[in-house]
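One structure is given below, encoded as structure tokens.
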Amino acid sequence: MTTAESGNATAITLTNLPPFAQRMRDAANLVWEEGYRQPFIRELGAGTLPTRKFAFYLKQDELYLNDYAKVHALALTKTDDAEIMKFMVDVQRSIFDVEKSLHGDYLASYGITPEEMARAKQSAFARAYTTHMLSVAYGGDLLDVLVAVLPCAWVYADYGQRLADEFADTLGDNPYKSWIDTYKTDEFWQSSAWLLAHIERFVADADERKREQLIELFIHGVENEYMFWASAYDEQMSWKPQWEAIDAQ
1 MTTAESGNAT AITLTNLPPF AQRMRDAANL VWEEGYRQPF IRELGAGTLP
51 TRKFAFYLKQ DELYLNDYAK VHALALTKTD DAEIMKFMVD VQRSIFDVEK
101 SLHGDYLASY GITPEEMARA KQSAFARAYT THMLSVAYGG DLLDVLVAVL
151 PCAWVYADYG QRLADEFADT LGDNPYKSWI DTYKTDEFWQ SSAWLLAHIE
201 RFVADADERK REQLIELFIH GVENEYMFWA SAYDEQMSWK PQWEAIDAQ
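Below you can see the structure in the form of structure tokens.
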């Protein structure tokens, strides 16, 4: 979910994908489209999402970004390519200079203080997502890491652009307009385009078994994106409500 830019993948768009990217997108289509139709996204686009649900999401996303930055830091250890290393650094800079600034404004507007955020815990679903990405970052190769972080960047860019188009007539009065505005931009898309271009280059040397593993990894990430929003809509911290007190300890 970053706005790191790259000028090397401008030909790649949401409707003009390279072959392996299209294969991943097709494989994940069911959960991808169900994700766009789920209540959190629909009500966000319409501007009717209850603020407490968005605040729950924001807290979890703030904690998520800390781990997302660590994943990109670990990716630096997988390569000696200066251009790739620079991208990973730019993503981390964008997280702390852009994303967290947006979060800070939102959190403050909901009366959520830095002290409250310091005590916040990850939900079981957010923790499962970030733990998975971190495990890939520690144990996988560079291509694995690029695919593991791709769903976040790509899903947000796709949903941001689609929400902006679908709800264009009412966006001006939408309390979540700044969220949509952040993710609808071509600037944000370039982070996904960079990842897609480099994945396509590296996967050219991969055998079919490796490609299938990457597709499974990608689908798992898209599923985690779905659960991240679904659990925020339900304000669900744990797998069962009666376990939430345990998770909060």
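Counting in UniProt numbering, the sequence shown runs from 1 upward without gaps.
All residues carry an ideal CB built from backbone N, CA and C; glycine is no exception.
Query: Just how far apart, CA to CA, sit leucine 134 and proline 175?; Result: 33 Å
Query: Could you check where the alpha helix (DSSP H) with threonine 130 kicks off and where it finishes?; Result: 124–139
Query: How many angstroms separate the CA atom of glutamate 200 from the CA atom of glycine 35?; Result: 25 Å
Query: Three-state secondary structure (DSSP) at threonine 113?; Result: coil
Query: Would you mind sorting asparagine 224 into buried or exposed? The rule is 16 or more other CB atoms within 10 Å of its CB.; Result: buried
Query: Check whether the stretch 165–182 touches the stretch 192–209, counting contact only when three or more Cβ pairs, one atom from each stretch, lie closer than 8 Å.; Result: no
Query: Any idea what DSSP makes of threonine 170, helix, strand or coil?; Result: coil
Query: Measure the Cβ-Cβ separation of valine 155 and phenylalanine 218 and say whether it is below 7 Å.; Result: no
Query: Return the bridge partner residues of asparagine 16 from the DSSP annotation.; Result: Thr13
Query: Within 10 Å of its beta-carbon, does tyrosine 183 have 16 or more other beta-carbons around it, so buried, or fewer, so exposed?; Result: buried
Query: Starting from the C-beta of tyrosine 57, find all residues in its chain whose C-beta is less than 6 Å away, skip the five residues before and the five after it, and write them out in chain order.; Result: Ala232
Query: Leaving out the 5 sequence neighbours to the left and right, which residues in its chain are closer than 8 Å to valine 31 when beta-carbon positions are compared?; Result: Ile219, Val222, Glu223 and Tyr226
Query: Per DSSP, what kind of secondary structure is leucine 49 in: helix, strand or coil?; Result: coil
Query: From phenylalanine 96 to alanine 137, what does the alpha carbon distance come to, in whole angstroms?; Result: 20 Å
Query: I want to know whether the stretch 41–58 touches the stretch 66–86 - three or more CB-CB distances under 8 Å.; Result: no
Query: Quick one: give me the first and last residue of the alpha helix (DSSP H) that tryptophan 229 is part of.; Result: 208–233
Query: When you compare only the Cα positions, how much space is there between glycine 104 and glutamate 166?; Result: 27 Å
Query: For methionine 237, which of helix, strand or coil comes out of DSSP?; Result: coil
Query: For glycine 111, is the classification buried or exposed, using 16 other Cβ atoms within 10 angstroms of its Cβ as the cut-off for buried?; Result: exposed
Query: Using three-state DSSP, classify proline 151 as helix, strand or coil.; Result: helix
Query: What are the boundary residues of the alpha helix (DSSP H) that lysine 86 is part of?; Result: 82–94
Query: Check whether the Cβ atoms of tryptophan 229 and phenylalanine 40 sit closer than 7 Å, and answer yes or no.; Result: yes
Query: Mapping DSSP to helix, strand and coil, what is proline 175?; Result: coil
Query: Please report how far the alpha carbon of threonine 77 lies from the alpha carbon of aspartate 169, in whole angstroms.; Result: 46 Å
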